[in-house]
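Novice: Under my numbering, the residues of the sequence shown are numbered 2 to 482, in order.
All residues carry an ideal CB built from backbone N, CA and C; glycine is no exception.
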Amino acid sequence: MKKFEPRPGWVVQAFRFALDPNASQQQALRSHCGAARAAYNWAVSWVSASWWQRGAEESYGVSGQHLTPWRPWSLPALRKEFNQVKKTDPRFCRWWQENSKEAYNTGLAAAAAAFDNYAKSKRGQRKGQRMGVPRRKSKHRARMSCRFTTGTIRVEADRRHITLPRLGTIRTHESTRKLERRVDNGTARILSATVRLERGRWFVSFQVEIERAQRTPSRPEVAAGVDLGVKCLAVMADSAGEVRYVSNPAHYDQAIKQLKRLCRRVSRRQGLDRRTRQTPSKRWLKADLERNRVHYRVANLRADALHKLTTTITAEYATVVVEDLNVAGMLKNRRLARKVADAGFGEIRRQITYKTGWTGGRTVVADRWYPSSKTCSGCGAVKAKLPLHVRTYHCDACGLVLDRDENAARNLAALAAATGTGVAGDQDAQASKPRGADQKTRNTRPSRKARAGWAGGTNLPHQRQQETGDRHQVTEALRLR
Ligand SMILES: [Zn+2]
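Have a look at this one:
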């Protein structure tokens, strides 16, 4: 997928509004999202059918050019084929005209991206977790979402309605002033719109290219180190020597007592069971709604608090140093996971990174093995070990006594000076790894389940790999295409 490049001086940003559709609009929204899923499933089946076919042919001795050709999975190829199929295939021919073509395009584009990601991951050209073979989406579990890239997409001048192709004009719950004002005076251009059902409510998010007024931080020459933690959500130390503690609101922990009570109530009522075809009772639905409302409130409170925190940080400092935490690893630890997920470490770093970009500052990411807690911020001595329960740092070399997190934050702030001062555009600069740094987090071995994933095969990319002990050898042998 080609990424959209904004004009110089402009940024791409999203504007999201809750929708208030009427009954027939809700029906149309559901129809469009379902159409996107149907197109996705069609594309997955169509491409992988050729894989199965080739596998079968190879098994009875057909080889080389006599095999059924591979089917392409590029978006234009899928679109071309789908436009033929939709008119004749009994799965689509009776209803495809009811939805905008953008709905089908959403599904096909997602399938093309899924196959691309799978192929790249297998060739080792993709960072992050290994991607599995694209599989069909379930009606019961798939996210209801549909993206519009062409046609009539606009926010109405009354600031309470939006217009989308085929769906028409839909009322919004909130004022669209923030976006409409910009569109009106020419500092914003809408690129696309995505509707989606989230927590029982429809949302539209516009992808917009906007011209942001350049806001410079109030103290551009000062660098700040941010140490994230569970006890204290963030400890900020700046190069001017000021230290600030941000307490952890722990929204989930606040609501846990209430949630336990509501969950208990839900489990005592007759819920949905697909195996016995038990439909949920009215009382169950009511209790479920009440429970989910608490979950939504917690999520909203968290999102609000994180935005406020990262906005205050980036409004003040141009250079912010954060740690490269292994959040995914911490979430695997069942003793840490709840607190870590509640704090939202990963989100804080993501927000700081893009918000410093807006203010012309930069984010420095300290190396994952940089010993920020073990180093003395006074003399630079590095301790070999510092267990988590030790909350105060005692330096053996110079006798410094300091709060553990404050010490770490000071070290991070000092790291900014070591990598040069605020150069705009130099984002995500990796701080160098000092000598003597050892592993702070245990390098978690991939689980057995993860290793024995959908690794694919030469003749049948669907084949399940039993044991892929030597991953390098396997990727060599099972080269795609
Ligand atoms: Zn010291």
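Leaving out the 5 sequence neighbours to the left and right, which residues in its chain are closer than 7 Å to G345 when beta-carbon positions are compared?
Specialist: So the list reads R303 and L307, once near-sequence residues are dropped.
Novice: Excluding five sequence neighbours on each side, which residues of the same chain lie with their C-beta closer than 8 Å to the C-beta of S75?
Specialist: Closer than 8 Å at the Cβ level, and outside the excluded window around S75, lie A113.
Novice: Tell me, which residues are paired with E212 by DSSP?
Specialist: E212 pairs with W11.
Novice: With hydrogens ignored, establish whether the beta-carbon of L290 is closer than 6 Å to any heavy atom of ligand 1.
Specialist: Outside the cutoff, so no.
Novice: For H67, which three-state DSSP category applies?
Specialist: In this structure, H67 counts as helix in the three-state DSSP scheme.
Novice: To which residues of the same chain is A40 closer than 6 Å at the C-beta, ignoring the five residues directly before and after it?
Specialist: Cβ neighbours of A40 beyond the five flanking positions: Y105, G108 and L109.
Novice: Can you list the residues near ligand 1, meaning Cβ strictly closer than 6 Å to any non-hydrogen atom, in the order they appear in the chain?
Specialist: Matched residues: C377, G379, C380, A382, C396, A398, C399 and L401.
Novice: Entirely within the region 299-384 and at least 4 residues each: give me those alpha helix (DSSP H) ranges in chain order.
Specialist: Within the region 299-384, the complete alpha helix (DSSP H) runs of at least 4 residues are 328-331, 338-344 and 346-359.
Novice: Around the Cβ of W370, are there at least 16 other Cβ atoms within 10 angstroms (buried) or fewer (exposed)?
Specialist: Result: exposed.
Novice: With T89 as the anchor, note down where its alpha helix (DSSP H) starts and where it stops.
Specialist: From DSSP, the alpha helix (DSSP H) with T89 extends over L76 to T89.
Novice: Taking the alpha carbon of V328 as the point to measure from, which residue in F93, V231, P221 and W285 has its own alpha carbon closest?
Specialist: Of the listed residues, the one whose Cα sits closest to V328 is V231.
Novice: Thinking P221 and A319 are a contact (beta carbons under 8 Å), I'd like their distance in whole angstroms, please.
Specialist: The pair is a contact, with the Cβ atoms about 4 Å apart (cut-off 8 Å).
Novice: For I257, I'd like the list of residues in its chain whose CB is within less than 6 Å of its CB, leaving aside the five on either flank, ordered along the chain.
Specialist: Excluding residues within five positions, none has a Cβ falling inside 6 Å.
Novice: Sorted by chain position, which residues of the same chain lie with C-beta nearer than 6 Å to H162's C-beta, five sequence neighbours on each side aside?
Specialist: Around H162: T170 and R172.
Novice: Tell me, please, whether the CB atom of H395 is closer than 7 Å to any CB atom in chain D?
Specialist: Within the model displayed, chain D is absent; a lone protein chain is all it includes.
Novice: Does the region 192-211 touch the region 325-343, meaning 3 or more C-beta pairs lie closer than 8 Å?
Specialist: No, because fewer than three Cβ pairs between the region 325-343 and the region 192-211 fall closer than 8 Å, the two stretches do not touch.
Novice: In terms of alpha-carbon separation, which member of V321, R262 and A44 lies closest to V86?
Specialist: Cα-wise, what sits closest to V86 is A44.
Novice: Under 7 Å between the Cβ atoms of R216 and T360?
Specialist: In this structure, T360 lies closer than 7 Å to R216 by Cβ.
Novice: Helix, strand or coil: which one does DSSP assign to Q98?
Specialist: Residue state, collapsed to three classes: helix.
Novice: Please name the residue in L401, R292 and Q126 whose C-alpha comes closest to that of V383.
Specialist: Nearest option by C-alpha distance: L401.
Novice: Going by CA-CA distance only, name the one from G379, G62, P388 and E317 that's closest to K356.
Specialist: Ranking G379, G62, P388 and E317 by Cα distance to K356 puts E317 first.
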